[in-house]
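Below: the structure, in structure tokens.
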Amino acid sequence: MDIKLNLQNISKAVNGKLLLNHVSFAVPEGRIVAIIGPSGAGKSTLLSLINRLQDPTGGAIYLDGTNIQTLDVFALRRRVGMVFQQPALFPGTVASNIAFGPHLSGHELTRPVAEFLREVGLAEEFAKRDASRLSGGEQQRVALARALANNPEVLLLDEPTSALDLGAAHQVEDLITQVCKHHGLTAMWVSHDLEQAQRVSDRTVLMVSGRKIEEGNTASFFAQPKTEIAQAFLAGEIGVSKLQGE
Amino acid sequence: MTDLSLIFSVSFIFIAMVISYWQNLKLEKDLAIGAVRAFVQLTAVGYVLKFIFDLAKWQYVIPMVVVMILVAGRNAARRGEGLPGAFVLVTLSIALAEFVTMTMLVSLNIIPFTPRYVIPLSGMIIGNAMVASGLALNRLRSEISSRRAEILSALALGATSRQATEPALKAAVKAGMIPTIDAMKTVGLVQLPGMMTGQIIAGANPIEAVKYQILVQFMLSASVGITSMLVCLLAYRQFFTRAHQLRSF
Ligand SMILES: Nc1ncnc2c1ncn2[C@@H]1O[C@H](COP(=O)(O)OP(=O)(O)O)[C@@H](O)[C@H]1O
Ligand SMILES: [Mg+2]
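Sequences listed follow chains L and P, in order. Using the working numbering, the first residue of the first sequence is number 1, and each one after it goes up by one. Using the working numbering, the first residue of the second sequence is number 1001, and each one after it goes up by one.
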């Protein structure tokens, strides 16, 4: 199994505060890695380093064996798509949102808009709809289609279903896993929902207070966590307050 | 106007003070300071202008205009507090607006290059450019913060910082220009501009005064357009790193 992403000794300090503390792990190609941990653990910060929305203050990240600092930042971001908790669609039609990425680099869509819509479970007539008038679930589907339009190899998912109601959350979750399988995408999926993490991921990384506490095969991590902190976290005994005392 | 009637005009300040005292607005001190400053500043400027006009030499125009630009830049840069280089970019933008507008006025022979014309018109150009750049800068900052999620999404899709801030830039440039455009639409109907009022009271032919007012109004739309656009194009870069990353302020 090839390593798609390799994080080596990643640290991130902001204003003297250490948000990430020597984090290392690898993501195998075509697999989904769940990043779990209490709020404020540094999960979002970690994701934002992978497509260089921020840079680490220490360590290096490799994509297909190449240090991402040596890649053209726009090329990197096209190869690494991102879906946030909030869809943050652009003003305009659904079609213009989907074509945004390719148009930036002066390209046309590789496939018709209707095909991207079908892929995220939306009817063709959505193309002309005003993006701001869709439901939360529909908006998140468009956000996914918008990311897919760049033909990414990696998807960064920052709690993509957290803002949705239960029904829509399940649908979007299924949709993302299907899309990843279908395109053989490698994904890092931040989730605060432990059951979701178990359903969607091949591997799991537990972060607490900016540190990687434990990682492993998802099934065995949840069945038999090795560290005391992981056991306490899975038992629901670690809240934000306890962490800040550290 | 006699000096005695100017002294009587102090009673207007007393009316404002009485209102402030009565309504407990606590503006009495500000009113007193404002009144004294207005008197001292305007009197000083009056004598400086008289001195320069009497010399009627263009060499005296430039230092005066430079001082006006620096004061305006310092004032407008306050709207961009915390933004690195705000003073420099605001001052540059105001200076360019003044330069372009004045060059056109003089080279098209609309006005002669003498202190009597250049200084008051520069005052209007620079003053309006100052307000416009302050508004644009303030709006740019609030747009970038309220559109943060949208900007991050655009960057994540491969947009340059310029492409990602396009909607924020548009809104900010508009915010700088709109007061001048609105003023152009209502001028004469809602208010008579101060300059025209002054000219007419001082005895000028109203038709002549109107001609200058039309010139001023058109000239200001160019100068606020130049400043607003330039301020935004220079300022948005400060919100990003060279790797097109949105800074957190
Ligand atoms: N730019 C920043 N400056 C200072 N602190 C930050 C910044 N970004 C995030 N943080 C802090 O870093 C910690 C980790 O944040 P985040 O990565 O969002 O955590 P998570 O996604 O796991 O909830 C939090 O305590 C947050 O307040
Ligand atoms: Mg987060």
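From the three backbone atoms N, C-alpha and C, an ideal C-beta is built for every residue, glycine too.
Margin query: Taking a contact to mean a Cβ-Cβ separation below 8 Å, would you say residue 23 of chain L touches residue 212 of chain L in this structure?
Written below: On the first sequence, position 23 is the one that residue 23 of chain L refers to. On the first sequence, position 212 is the one that residue 212 of chain L refers to. Result yes, Cβ atoms of residue 23 of chain L and residue 212 of chain L sit closer than 8 Å.
Item checked: alpha helix (DSSP H) runs wholly inside the region 65-98 of chain L, at least 4 long, in chain order -> 73-79
Check: Is there contact between the region 1145-1164 of chain P and the region 1179-1199 of chain P, where contact requires at least three CB pairs shorter than 8 Å?
Finding: no
Notebook entry, point to check: Candidates P/1168, P/1207 and P/1104: which alpha carbon is nearest residue 1121 of chain P's?
Noted result: To locate residue 1121 of chain P, count along the second sequence from 1; it is residue 121. The option with the nearest alpha carbon to residue 1121 of chain P is P/1104.
Next item on the list: Would you list, in sequence order, the uninterrupted beta strand (DSSP E) runs of no fewer than 3 residues that lie entirely inside the region 175-224 of chain L?
Entry: 186-190, 203-208 and 211-217
Note to self: Quick check: is any heavy atom of ligand 1 less than 7 Å from the C-beta of residue 121 of chain L?
What the structure shows: Numbered from 1 along the first sequence, position 121 holds the residue referred to as residue 121 of chain L. No - ligand 1 has no heavy atom lying nearer than 7 Å to the Cβ of residue 121 of chain L.
Next item on the list: Compute the minimum distance between the beta carbon of residue 1159 of chain P and the heavy atoms of ligand 3, and state whether it is under 7 Å.
Entry: As presented, the structure is devoid of ligand 3, carrying ligand 1 and ligand 2 as its sole ligands.
Next item on the list: Could you round the C-beta distance between residue 145 of chain L and residue 117 of chain L to whole angstroms and report it? I think they count as a contact, below 8 Å.
Entry: Position 145 of the first sequence, counting from 1, holds the residue named residue 145 of chain L. Position 117 of the first sequence, counting from 1, holds the residue named residue 117 of chain L. With 8 Å as the limit, residue 145 of chain L and residue 117 of chain L qualify as a contact, their Cβ atoms being about 6 Å apart.
Note to self: Strictly by DSSP, which residues pair up with residue 12 of chain L?
What the structure shows: Against the first sequence, residue 12 of chain L aligns to sequence position 12. In DSSP, residue 12 of chain L forms a bridge with L/20.
Notebook entry, point to check: Which value, in whole angstroms, describes the spacing of the CA atoms of residue 2 of chain L and residue 200 of chain L?
Noted result: Numbered from its first residue, the first sequence carries residue 2 of chain L at position 2. Numbered from its first residue, the first sequence carries residue 200 of chain L at position 200. Each residue's Cα considered, the two are about 20 Å apart.
Next item on the list: Evaluate residue 139 of chain L with the Cβ neighbour count: other Cβ atoms within 10 Å of its Cβ, from every protein chain shown; 16 or more gives buried, anything less gives exposed.
Entry: Position 139 of the first sequence, counted from the first residue, corresponds to residue 139 of chain L. Under this definition residue 139 of chain L is a buried residue.
Check: If you count every other CB in all the chains shown that lies within 10 Å of the CB of residue 99 of chain L, and 16 or more means buried, which is it?
Finding: Locating residue 99 of chain L in the first sequence gives position 99, where the first residue counts as 1. Answer is buried; the Cβ neighbour count reaches 16.
Notebook entry, point to check: Considering only the beta carbon of each residue, do residue 93 of chain L and residue 131 of chain L sit closer than 8 Å?
Noted result: Taking the first sequence and counting its residues from 1, the one referred to as residue 93 of chain L is at position 93. Taking the first sequence and counting its residues from 1, the one referred to as residue 131 of chain L is at position 131. Against a cut-off of 8 Å, the Cβ pair of residue 131 of chain L and residue 93 of chain L comes out as a contact.
Notebook entry, point to check: Given that residue 188 of chain L touches chain P, what residues does it touch there, using C-beta distances under 9 Å?
Noted result: Position 188 of the first sequence, counting from 1, holds the residue named residue 188 of chain L. Within 9 Å Cβ-Cβ: nothing; residue 188 of chain L doesn't reach chain P, min ~13 Å.
Item checked: Rounded distance between the beta-carbons of residue 51 of chain L and residue 1038 of chain P, thought under 8 Å -> Working through the second sequence from its first residue, we reach residue 1038 of chain P at position 38. Working through the first sequence from its first residue, we reach residue 51 of chain L at position 51. Actually they are not in contact, since the Cβ atoms of residue 1038 of chain P and residue 51 of chain L sit about 56 Å apart, beyond 8 Å.
Next item on the list: Under 6 Å Cβ to Cβ from residue 177 of chain L, same chain only, skipping five residues before and after it: list those, please.
Entry: Here residue 177 of chain L is taken as the residue at index 177 of the first sequence, counted from 1. Excluding sequence neighbours, residue 177 of chain L sits near 200.
Margin query: Would you say residue 1238 of chain P lies against chain L (beta-carbon separation less than 8 Å)?
Written below: Stepping through the second sequence from its first residue, residue 1238 of chain P is reached at position 238. For residue 1238 of chain P, the answer is no, since every Cβ of chain L falls outside 8 Å of its Cβ.
Note to self: Comparing C-alpha positions only, which one of P/1030, P/1065 and P/1026 sits nearest to residue 1045 of chain P?
What the structure shows: What you label residue 1045 of chain P is simply residue 45 of the second sequence in a count that begins at 1. Among P/1030, P/1065 and P/1026, the Cα nearest to that of residue 1045 of chain P belongs to P/1065.
Next item on the list: Determine which residues of the region 1131-1155 of chain P have a Cβ less than 8 Å from any Cβ of chain L, and write them out in chain order.
Entry: 1149, 1150, 1152, 1153, 1154 and 1155
Check: Out of P/1237, P/1005, P/1042 and P/1030, which has the shortest C-alpha to C-alpha gap to residue 1141 of chain P?
Finding: The residue you call residue 1141 of chain P lines up with position 141 of the second sequence. It is P/1237.
Check: My guess is that residue 5 of chain L and residue 11 of chain L are in contact by the Cβ rule of under 8 Å, so how many angstroms apart are they, rounded?
Finding: Here the question's residue 5 of chain L lines up with position 5 in the first sequence. Here the question's residue 11 of chain L lines up with position 11 in the first sequence. Taking the Cβ atoms as the reference, residue 5 of chain L lies roughly 17 Å from residue 11 of chain L, outside the contact range of under 8 Å.
Check: With a cut-off of 8 Å, does the C-beta of residue 54 of chain L fall near any C-beta of chain P?
Finding: As a working note, residue 54 of chain L is residue 54 in the first sequence. Contacts with chain P at 8 Å (Cβ-Cβ) include residue 54 of chain L.
Check: Cα-Cα, which of L/189, L/161, L/111 and L/180 is closest to residue 218 of chain L?
Finding: Stepping through the first sequence from its first residue, residue 218 of chain L is reached at position 218. For residue 218 of chain L, the nearest C-alpha among the options comes from L/189.
Next item on the list: Taking only the alpha-carbon atoms, compute the straight-line gap between residue 1047 of chain P and residue 1199 of chain P and give it to the nearest angstrom.
Entry: In the second sequence, residue 1047 of chain P corresponds to position 47, counting from 1. In the second sequence, residue 1199 of chain P corresponds to position 199, counting from 1. If you take the alpha carbons of residue 1047 of chain P and residue 1199 of chain P, they lie about 19 Å apart.
Notebook entry, point to check: Should residue 174 of chain L be listed as close to ligand 2, given that the test is whether its C-beta is under 7 Å from any heavy atom?
Noted result: Mapped onto the first sequence, residue 174 of chain L falls at position 174. No, since every heavy atom of ligand 2 falls outside the 7 Å radius drawn around the Cβ of residue 174 of chain L.
Checklist line | Rounded C-alpha distance that separates residue 1007 of chain P from residue 1042 of chain P | finding: On the second sequence, residue 1007 of chain P is found 7 positions in, with the first residue counted as 1. On the second sequence, residue 1042 of chain P is found 42 positions in, with the first residue counted as 1. Rounded to whole angstroms, residue 1007 of chain P to residue 1042 of chain P spans 15 Å at the Cα level.
Item checked: Start-to-end residues for the alpha helix (DSSP H) that takes in residue 1047 of chain P -> Here residue 1047 of chain P refers to the residue found at position 47 of the second sequence. Here the alpha helix (DSSP H) through residue 1047 of chain P covers 1028-1055.
Next item on the list: Answer with yes or no whether the minimum CB distance from residue 1157 of chain P to chain L is below 8 Å.
Entry: Within the second sequence, numbered from 1, the residue matching residue 1157 of chain P stands at position 157. With 8 Å as the cut-off, residue 1157 of chain P counts as an interface residue toward chain L.
Margin query: Quick check on DSSP: helix, strand or coil for residue 1170 of chain P?
Written below: The residue labelled residue 1170 of chain P in the question sits at position 170 within the second sequence. Note: residue 1170 of chain P maps to helix in three-state DSSP.
Next item on the list: Compute the Euclidean distance between the alpha carbons of residue 214 of chain L and residue 48 of chain L, then round it to the nearest angstrom.
Entry: Residue mapping note: residue 214 of chain L aligns to position 214 of the first sequence, counting from 1. Residue mapping note: residue 48 of chain L aligns to position 48 of the first sequence, counting from 1. Linking residue 214 of chain L to residue 48 of chain L through their CA atoms gives a straight-line distance of about 21 Å.
Next item on the list: Please go through the same chain and pick out, in chain order, the residues whose beta-carbon is closer than 7 Å to the beta-carbon of residue 1175 of chain P, but skip the five residues on each side of it.
Entry: To locate residue 1175 of chain P, count along the second sequence from 1; it is residue 175. So the list reads 1135, 1136 and 1139, once near-sequence residues are dropped.
Notebook entry, point to check: Can the beta-carbon of residue 119 of chain L be found closer than 8 Å to that of residue 179 of chain L?
Noted result: By one-based count along the first sequence, residue 119 of chain L stands at place 119. By one-based count along the first sequence, residue 179 of chain L stands at place 179. In this structure, residue 119 of chain L lies near residue 179 of chain L, with their beta-carbon atoms less than 8 Å apart.
Checklist line | Residues bridged to residue 61 of chain L (per DSSP) | finding: Counting from one through the first sequence, the residue named residue 61 of chain L turns up at place 61. Beta-bridge pairing by DSSP links residue 61 of chain L to L/7.
Check: First and last residue of the alpha helix (DSSP H) that includes residue 144 of chain L?
Finding: Your numbering for residue 144 of chain L matches position 144 in the first sequence. Per DSSP, residue 144 of chain L belongs to the alpha helix (DSSP H) from 136-148.
Next item on the list: Identify the contact partners of residue 1167 of chain P in chain L, using a Cβ-Cβ distance below 9 Å as the criterion.
Entry: Here the question's residue 1167 of chain P lines up with position 167 in the second sequence. Result: 90 and 91.
Next item on the list: Taking all protein chains shown into account, decide if residue 210 of chain L is buried (16 or more other Cβ within 10 angstroms of its Cβ) or exposed.
Entry: Here residue 210 of chain L refers to the residue found at position 210 when the first sequence is read from its first residue. Counting Cβ neighbours within 10 Å, residue 210 of chain L comes out buried, since at least 16 surround it.
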